[in-house]
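Visitor: For the sequence shown, this note's numbering begins at 21 and goes up steadily by one. The structure follows.
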Amino acid sequence: MLIILVVAALLGYRAISAVPSLLHTPLMSGMNALSGITVVGAVAVFVTAPEGASGWAAAALVLAMINVAGGFWVTERMLRMFKAKSSDITEEEVPWQ
Numbered sequence: 021m022l023i024i025l026v027v028a029a030l031l032g033y034r035a036i037s038a039v040p041s042l043l044h045t046p047l048m049s050g051m052n053a054l055s056g057i058t059v060v061g062a063v064a065v066f067v068t069a070p071e072g073a074s075g076w077a078a079a080a081l082v083l084a085m086i087n088v089a090g091g092f093w094v095t096e097r098m099l100r101m102f103k104a105k106s107s108d109i110t111e112e113e114v115p116w117q
């Protein structure tokens with residue numbers, strides 16, 4: 021299992037380092053969508069978990085939500101890097117601010 025973890029980490033690092041910096045924000049948005057599916061799965065496990073496993077299911081749900089919230093936070097910070105410097109853009113044109 022440790023070998024699989026090391027190989028997966030090296031392949032992931034190699035794949036991400038090959039992505040141009042301009043494409044990192046859409047890549048992060050896609051991963052947030054995938055993390056949302058993880059939250060749905062954690063909710064399904066929490067609802068159907070037996071009495072003894074409900075603590076583990078709750079922990080999975082909390083960790084999945086932290087992952088999603090952190091992903092949106094990082095994506096928002098990356099989007100701020102592309103924000104125009106001039107003040108001629110109004111609030112209506114950029115609704116997420």
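Virtual Cβ for every residue (Gly too), placed ideally from N, Cα, C. None of these values were measured; they are calculated from a predicted model.
Between M51 and the rest of its own chain, which residues show a CB-CB distance below 7 Å, the 5 nearest in sequence each way excluded?
Guide: Closer than 7 Å at the Cβ level, and outside the excluded window around M51, lie G91.
Visitor: Suppose the cutoff is 7 Å on Cβ atoms and the five residues either side in sequence are ignored; what does the same chain contact list for A78 look like?
Guide: Only F66 meet the Cβ criterion.
Visitor: To the nearest angstrom, how far is it from the Cα of V88 to the Cα of A64?
Guide: Straight-line Cα distance between these residues: approximately 17 Å.
Visitor: Under DSSP, the alpha helix (DSSP H) around V94 begins and ends at which residues?
Guide: Note, V94: alpha helix (DSSP H), S74 to M101.
Visitor: Can you have a look at I84 and say buried or exposed, based on whether 16 or more other CB atoms are within 10 angstroms of its CB?
Guide: Sequence inspection shows Ala at residue 84; the Ile mentioned does not correspond to that position. So A84 counts as buried.
Visitor: Verify whether the separation of the beta carbon atoms of V39 and L47 is less than 8 Å.
Guide: Going by C-beta atoms, V39 is nearer than 8 Å to L47.
Visitor: Which two residues bound the contiguous alpha helix (DSSP H) that contains P46?
Guide: Per DSSP, P46 belongs to the alpha helix (DSSP H) from H44 to T68.
Visitor: How many Å lie between L25 and K103 at the Cα?
Guide: Whole-angstrom Cα-Cα distance: 37 Å.
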